[in-house]
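Colleague:
4 protein chains.
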Amino acid sequence: MLVVMKAQATPEQVQAVCDHIEQLGFRAHPMPGAQRTAIGVTGNQGEVDRGNIEELSGVAEVIRVSKPYKLASRDVKEEDTIIRFEGTDAQIGGRSLAIVAGPCSIESREQAFAIAEQVAKAGAQFFRGGAYKPRTSPYAFQGLGVEALKIMAEIRDQFGLRIITEAIDNETLELVAEWADVIQIGARNMQNFSLLKHAGRLRKPVLLKRGMSATLDEFLMAAEYIMSEGNYEVILCERGVRTFADHTRNTLDLSIVPAVQRLSHLPILVDPSHGTGKRNKVLPMARAAVAVGADGVLVEVHHQPEKALSDGPQSIYPEQFVTMMNEIEQIAPVVHRTLPRGIHVESTTGVHDGRK
Amino acid sequence: MLVVMKAQATPEQVQAVCDHIEQLGFRAHPMPGAQRTAIGVTGNQGEVDRGNIEELSGVAEVIRVSKPYKLASRDVKEEDTIIRFEGTDAQIGGRSLAIVAGPCSIESREQAFAIAEQVAKAGAQFFRGGAYKPRTSPYAFQGLGVEALKIMAEIRDQFGLRIITEAIDNETLELVAEWADVIQIGARNMQNFSLLKHAGRLRKPVLLKRGMSATLDEFLMAAEYIMSEGNYEVILCERGVRTFADHTRNTLDLSIVPAVQRLSHLPILVDPSHGTGKRNKVLPMARAAVAVGADGVLVEVHHQPEKALSDGPQSIYPEQFVTMMNEIEQIAPVVHRTLPRGIHVESTTGVHDGRK
Amino acid sequence: MLVVMKAQATPEQVQAVCDHIEQLGFRAHPMPGAQRTAIGVTGNQGEVDRGNIEELSGVAEVIRVSKPYKLASRDVKEEDTIIRFEGTDAQIGGRSLAIVAGPCSIESREQAFAIAEQVAKAGAQFFRGGAYKPRTSPYAFQGLGVEALKIMAEIRDQFGLRIITEAIDNETLELVAEWADVIQIGARNMQNFSLLKHAGRLRKPVLLKRGMSATLDEFLMAAEYIMSEGNYEVILCERGVRTFADHTRNTLDLSIVPAVQRLSHLPILVDPSHGTGKRNKVLPMARAAVAVGADGVLVEVHHQPEKALSDGPQSIYPEQFVTMMNEIEQIAPVVHRTLPRGIHVESTTGVHDGRK
Amino acid sequence: MLVVMKAQATPEQVQAVCDHIEQLGFRAHPMPGAQRTAIGVTGNQGEVDRGNIEELSGVAEVIRVSKPYKLASRDVKEEDTIIRFEGTDAQIGGRSLAIVAGPCSIESREQAFAIAEQVAKAGAQFFRGGAYKPRTSPYAFQGLGVEALKIMAEIRDQFGLRIITEAIDNETLELVAEWADVIQIGARNMQNFSLLKHAGRLRKPVLLKRGMSATLDEFLMAAEYIMSEGNYEVILCERGVRTFADHTRNTLDLSIVPAVQRLSHLPILVDPSHGTGKRNKVLPMARAAVAVGADGVLVEVHHQPEKALSDGPQSIYPEQFVTMMNEIEQIAPVVHRTLPRGIHVESTTGVHDGRK
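Protein chains in written order, with UniProt numbering: chain A, 1 to 356; chain B, 1 to 356; chain C, 1 to 356; chain D, 1 to 356.
1) Quick one: Cα of D:V270 to Cα of A:N231, how far?
2) For the region 260-285 of chain A, which segments carrying the beta strand (DSSP E) assignment without a break, of at least 3 residues, lie completely within its bounds, in sequence order?
3) Please list the partners that A:L2 has in chain C, where partner means a Cβ-to-Cβ separation under 8 Å.
4) Any beta carbon of chain F sitting closer than 8 Å to that of C:H265?
5) A:I168 touches chain B at which residues, Cβ-Cβ below 9 Å?
6) Indicate whether B:L236 and B:F219 have their beta-carbon atoms separated by less than 8 Å.
7) DSSP three-state call for D:I328: helix, strand or coil?
8) Tell me whether the beta-carbon of A:D295 lies closer than 8 Å to the beta-carbon of A:L97.
9) Helix, strand or coil for B:E238? Go by DSSP, reduced to three states.
10) With a threshold of 8 Å between beta-carbons, can B:T248 be considered close to chain D, or not?
11) Cβ atoms of D:D75 and B:A16: under 8 Å apart, would you say?
12) Am I right that D:F126 and D:L161 are in contact with their C-beta atoms under 8 Å? What's the rounded C-beta distance?
13) Give a yes or no on whether the minimum CB-CB distance between B:K121 and chain D is below 8 Å.
14) Please report the distance separating the alpha-carbon of residue 377 of chain A from that of A:V59.
15) With 16 other CB atoms within 10 Å as the buried threshold, where does C:E300 fall?
16) What number of angstroms, rounded off, separates the C-alpha of B:P134 from the C-alpha of B:T248?
17) Locate the alpha helix (DSSP H) running through C:F219, then write down its first and last residues.
18) Whose C-alpha, out of D:A116, D:G129 and D:T251, is nearest the C-alpha of D:F159?
19) Would the beta-carbon of B:I343 fall within 8 Å of that of B:T88?
20) By the three-class DSSP mapping on this structure, what secondary structure does A:I82 have?
21) Please list the terminal residues of the continuous alpha helix (DSSP H) segment that includes D:A120.
22) In three-state DSSP terms, what is A:T248?
23) Cutting at 7 Å between CB atoms, please list the residues of its own chain near A:R287, excluding the five before and the five after it.
24) With H, G and I counted as helix, E and B as strand and the rest as coil, what does DSSP make of B:L56?
25) How would you label A:D19, buried or exposed, when you count the other beta carbons within 10 angstroms and need 16 or more for buried?
26) What number of angstroms, rounded off, separates the C-alpha of B:V4 from the C-alpha of B:T37?
27) Keeping to the same chain, check which residues put their C-beta closer than 6 Å to that of C:A153; ignore five residues upstream and five downstream.
28) Helix, strand or coil for D:R293, going by three-state DSSP, please let me know.
29) Below 7 Å, is the gap between the Cβ of A:P333 and the nearest heavy atom of the ligand GDP?
30) Beta carbons nearer than 8 Å to chain B: which residues of the region 264-289 of chain C have them?
31) Please report the Cβ distance between A:G129 and A:P103, rounded to the nearest whole angstrom; I am assuming they are in contact, meaning their Cβ atoms lie under 8 Å.
32) Check the DSSP bridge columns for D:M212 and list the partner residues they point to.
33) In whole angstroms, what is the alpha-carbon distance linking B:P284 and C:L252?
34) For C:L173, which residues from the same chain have a beta carbon less than 8 Å from its beta carbon, with the 5 sequence-adjacent residues on both sides left out?
35) Taking Cβ-Cβ distances shorter than 7 Å, what residues in chain A pair up with C:A7?
36) Within the continuous alpha helix (DSSP H) that includes D:A153, where are the two ends?
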């Protein structure tokens, strides 16, 4: 922490601030400058409330220095985290791109299987579909619940796809952890700390979406909540932030990908479907996400988006998904990645290969 | 809903869009203009996915018209909602201003009582204090839990103050509902729809804080979630939104007060403590909140803010609270309000009057 | 400036950064901490490019400390600046509130006089009206130009009102300086540095509106541009910033008023008309502006807003202006201000008093 | 335009609104709905002030429909605009990517030539360098002015590179137009309408940067200002917008590229240097810009960024520029583009080829 004194602060005021800092159990390092004095503070654990010092006389400003996250930081673990899925060659993080595709909501067994078949055939390794939907309106479709979870488990059996689905509270968390391979925590729950802590006690990977107005620090702190409870398999996901810009539903902030990669060892995906809210912008932004260096993308695919019960307008058609895969595959080598096509499952039930 | 066609759209394209709308079960009203045709859509319940229509050929844009909230709207109930507290003269909404004061967190019985005594003496009718704290860092103080709830219940008995405290998940919701008079749902949980629905099934007033990047519509939709389950006693609270501006922790958006009052019958308070994050801006913004027409303010008060376990820098001193009350009292008549001083409790335990 | 090293930075890296700093002619103050080392930099004039240091190996972050403005700062001048208008009792800054009122655009002599008469009668001391209009569309009404300036000069002669009007480029700046009492620089030109410098060479007060996305520092730096050329009479004006919120045209950021007052000696007004863009929010926000401690307000008034050539929807009626003045007058004493009613001009042409 | 009535509006109120609309010379189309009535308005030229109607009794909301830009719109011109540079094979727009590179500021003949040589060798066709710098602080380096323009003209002669440099007011506009090939108008001047109009009267291409908080509509309207004066050669440039996110200097909004391409025929470049403000994010975002479909990129290159007089931290090294070109070249075919390497000038002075 750094305390900046006013230009006209007296030596007595500087001394009083130093005394205050020392009383709090920290060390004060006064540095007289040409215009004003600054005081460095060391020994704190990132939890000194800067505002109190800001109110002392002669103080102009207090600046926080230490980053409050630890387990999520490269300071603690330098090498990239790679999430692996037992019995398969699928992974999130590392050299191979992770492609997650599927409908916004599971609407029926037929719909889910129709889409799963197509995305598996095009080479996706992960299937996403909502069982519990956080909807802005209480009158909107809220998801099929456990029925949807069971449908997705069947999809895993049938196509080998690993399943990612959202938990919206501590109750659904248990169910999702039971049936799915990755638990998604949505943007609106990024600072639902109770949910984060409960997820941290499980031993299932968690896909954590960035909150609509979360800073990089807050995003990593939310990951830290999960990790502080012992679950280190956290996957970050950029899905657009809220700004004044009105040509897309959210503003997809792709620069957070290299920013996360500089500070943290956790993998980061990009969701261009929620990030733009418009079908005609999903492919361009998916290409950009891979080009910027993301560990993969998460897209909504629907075979009949005009009949979708939620998020139809941002869902791409299966044939667009095929195009997207082809485009991404061409960009991958530029960022030293490969695009696996289809999942290989080592098991008595045989090898699943989306392409066959 | 309104569908705007491109300037060069053909009559066939216009017809195709009308047919599509009618097939969805709605009525289409084409309106040819000088430059382009627009098509009005009626009969929808606010749940047509506009994006699908946006993708039809010849369509330039689709604009949503109907507001999706109903119970929170003045369309359904024109007169202002006033929340009353049985056995007392305290109320939120209506002519008398509601003043909610207390520490960010309950830290100990001594601290809570010391502050409660002072705010009661200065005339507050409501006491706030955190039992469960949603903190950005998992390593920060998380609140005393049930112990804090019990301390606040004692404060109600002793000073007559009505108690407002935050629930952070479905588990704590039950406890808060048992011990407190008003359940607070924090900004980070404004779109925790599971929590909103559970709160809607209770019969206790709910203070709902605006999310950090919530639009007016989303804010009212969150209230609608609670109301749609049968709990109509919702109190809104503006607490600052996230913007690029860095001179305050959040940007307090006072214009939402008249905006809410135009659209909704629900009362709205303002929290200048979280709204600015800086002690020296709390009094100016509290005065402004009353001047703009808010139904009251919610402020953090601490007798030793430099030792507070959370939010010390934005907590005002008890003597500043006295000043604030005096300033507010002078502004109140301009907005046709009165400032009650102290709470009157009708009961065998006698009349509580903060001023005595 | 403060350089924060990474947790795993080696002593050699710390030394290399210190050497680099010293080579740039500054002094380095290394401060080893529990987790990491920070290095204070003194002797700089606020112009070290922090990014270069950020790229040195072992560096985590570089934080700027010194504020770059000087003349606008209370560090240089502690007492409040008060702008006085020779031969009158009008002032901006200090104890008396400055009320600026008038139409968005001067549309005709009749329109301007009709409005001027009413605002003068209600007690305004300053008249505003656009001669040159910065309009988003090239096809919209662009103002009457010099003709409007002459009409406003007549209004000064007739009613004693001091005239404030906007200059939009270096050419119009000369004309505005010749005819008006205060030169307005609009939000869109807040960082038109060429215009700021030219305005700094004049000896007329300048009303500088905050840019739509200007931080406090940038706002004060824009004032510094004017002052650095020798014109110290700068009046700041908050007029709303751009955010995601869509219930008002802009989000009026009232907290900047106490923030400016803490850092700078310059007076600050608030414009609730542009700040909200909606007539029904002007009075509430004008009251709030005075309550928060602003030095005055600037409002658009039109006798026939439904026929106004620009900004009709946000212009209040003359009778609303009277109400506003009465409400403000009641709030003024709470913030130790008075509301002068009408302007007193010492001159052979007699005393102007808006009330007579 | 669409007028939405309140749910409880009476038939008389609906009629009164229709009458008002007709009196203004437009046509009213009432559409009774299940919940409320909406009234379509046709015949307007996009300039009805919606606010006045919003104030009529019974009106809930007024929604603007027609886009106010015409010349910049695909409605007027469907095919993409391509800017060509006489006597060369360079172009902006169309199949070949335009790469603009150079230092933030021209600091000396030596510096400019050193950088120009390297970017030409790596294959750039356009050279950028500031002669007049809009700096936030009046005490910062403001550019070499005409001297810089002359240095860049020499660079054109020597390397064949076409020159892009910024004009900051009407005076420098004339000079820039005389010496350069493309006139840049910076983000801070995007709504300096006087400058836009003057640029519109010239017959030189204009590179228009998006303002820090400009919406898509405002961006296109600024282009319209230039075009409305007869200059149709406008190149748009995304350079980041201002948001709450603090990990980059601005948030680069790549989704505006497909959004512009849907609505307008004008070419659009991306500036990842200003868009991020950090060297280590320039290459990832340049790759993403090409992948999303931009017509080219504009980057700051400096051979000694640690000594640069401005924007050093965001300038890449010449060897990074080479890497960037190689990466972009690999991505180009995915978006049906080619990357020309070096410029070919048809002239008596021979063929310039950056690679030779």
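Note that the Cβ used here is the ideal one computed from N, Cα and C, for glycine as well.
Modeller: According to the structure data:
1) In the fourth sequence, residue 270 of chain D corresponds to position 270, counting from 1. In the first sequence, residue 231 of chain A corresponds to position 231, counting from 1. Roughly 40 Å separates the two Cα atoms.
2) 268-270
3) Counting from one through the first sequence, the residue named residue 2 of chain A turns up at place 2. Per Cβ cutoff of 8 Å: L2, A38, G40, I63 and V65.
4) No chain F is part of this structure, whose protein chains are labelled A, B, C and D.
5) Mapped onto the first sequence, residue 168 of chain A falls at position 168. Neighbours of A:I168 on chain B, chain order: N192, F193 and S194.
6) As a first step, residue 236 of chain B is located in the second sequence; it is residue number 236 there, counting from the start. As a first step, residue 219 of chain B is located in the second sequence; it is residue number 219 there, counting from the start. Taking 8 Å as the Cβ cut-off, B:L236 and B:F219 qualify as a contacting pair.
7) Position 328 of the fourth sequence, counting from 1, holds the residue named residue 328 of chain D. In the structure shown, D:I328 sits in a helix (DSSP, three-state: H, G or I).
8) Here the question's residue 295 of chain A lines up with position 295 in the first sequence. Here the question's residue 97 of chain A lines up with position 97 in the first sequence. Contact flag set, yes.
9) As a working note, residue 238 of chain B is residue 238 in the second sequence. Strand, per DSSP.
10) Taking the second sequence and counting its residues from 1, the one referred to as residue 248 of chain B is at position 248. With 8 Å as the cut-off, B:T248 does not count as an interface residue toward chain D.
11) Here residue 16 of chain B corresponds to residue number 16 of the second sequence, with the count starting at 1. Here residue 75 of chain D corresponds to residue number 75 of the fourth sequence, with the count starting at 1. No; because the gap between Cβ atoms is not below 8 Å, this pair is not in contact.
12) For this step, residue 126 of chain D is matched to residue 126 along the fourth sequence. For this step, residue 161 of chain D is matched to residue 161 along the fourth sequence. 6 Å between Cβ atoms; contact.
13) Within the second sequence, the letter at position 121 stands for residue 121 of chain B. No, B:K121 lies away from the interface with chain D (no Cβ there is under 8 Å from its Cβ).
14) Any property of residue 377 of chain A remains undetermined from this structure, which presents chain A solely from 1 to 356.
15) Start at 1 with the first residue of the third sequence, and residue 300 of chain C comes out as number 300. It counts as buried.
16) Against the second sequence, residue 134 of chain B aligns to sequence position 134. Against the second sequence, residue 248 of chain B aligns to sequence position 248. Taking the straight line from one Cα to the other gives about 20 Å.
17) As a position in the third sequence, residue 219 of chain C is number 219, starting the count at 1. It spans L216 to S228 - the alpha helix (DSSP H) in which C:F219 sits, taken as one unbroken run.
18) Against the fourth sequence, residue 159 of chain D aligns to sequence position 159. Nearest option by C-alpha distance: D:A116.
19) Locating residue 343 of chain B in the second sequence gives position 343, where the first residue counts as 1. Locating residue 88 of chain B in the second sequence gives position 88, where the first residue counts as 1. Against a cut-off of 8 Å, the Cβ pair of B:T88 and B:I343 comes out as a contact.
20) Looking up residue 82 of chain A in the first sequence gives position 82. Note: A:I82 maps to coil in three-state DSSP.
21) Looking up residue 120 of chain D in the fourth sequence gives position 120. R109 to A122 is the extent of the alpha helix (DSSP H) around D:A120.
22) Numbered from its first residue, the first sequence carries residue 248 of chain A at position 248. Coil.
23) In the first sequence, counting from the first residue as 1, residue 287 of chain A sits at position 287. So the list reads E327, I328 and I331, once near-sequence residues are dropped.
24) Start at 1 with the first residue of the second sequence, and residue 56 of chain B comes out as number 56. Three-state DSSP puts B:L56 in coil, outside helix and strand.
25) For the purposes of this step, residue 19 of chain A is taken as the residue at position 19 of the first sequence. It counts as exposed.
26) One-based indexing of the second sequence puts residue 4 of chain B at position 4. One-based indexing of the second sequence puts residue 37 of chain B at position 37. Approximately 6 Å between the Cα atoms of the pair.
27) Here residue 153 of chain C refers to the residue found at position 153 of the third sequence. Contacts found: W179.
28) Position 293 of the fourth sequence, counting from 1, holds the residue named residue 293 of chain D. Reading off the sequence, residue 293 of chain D comes out as Gly, not Arg. Correct three-state label for D:G293: coil.
29) Of the ligands one can find in the structure shown there are none, so the ligand GDP has no counterpart to examine.
30) G275, T276, N280, K281, P284, M285, R287, A288 and A289
31) By 1-based counting over the first sequence, the position of residue 129 of chain A is 129. By 1-based counting over the first sequence, the position of residue 103 of chain A is 103. Indeed they touch by this definition, with Cβ atoms about 5 Å apart.
32) The residue given as residue 212 of chain D occupies position 212 in the fourth sequence. According to DSSP, D:M212 bridges with nothing at all.
33) Working through the second sequence from its first residue, we reach residue 284 of chain B at position 284. Working through the third sequence from its first residue, we reach residue 252 of chain C at position 252. Roughly 15 Å separates the two Cα atoms.
34) Position 173 of the third sequence holds residue 173 of chain C. For C:L173, where only same-chain residues beyond five positions count, the Cβ hits under 8 Å are A167, I183, L195, H198, A199 and L202.
35) The residue you call residue 7 of chain C lines up with position 7 of the third sequence. D75, listed in chain order.
36) Looking up residue 153 of chain D in the fourth sequence gives position 153. Here the alpha helix (DSSP H) through D:A153 covers V146 to F159.
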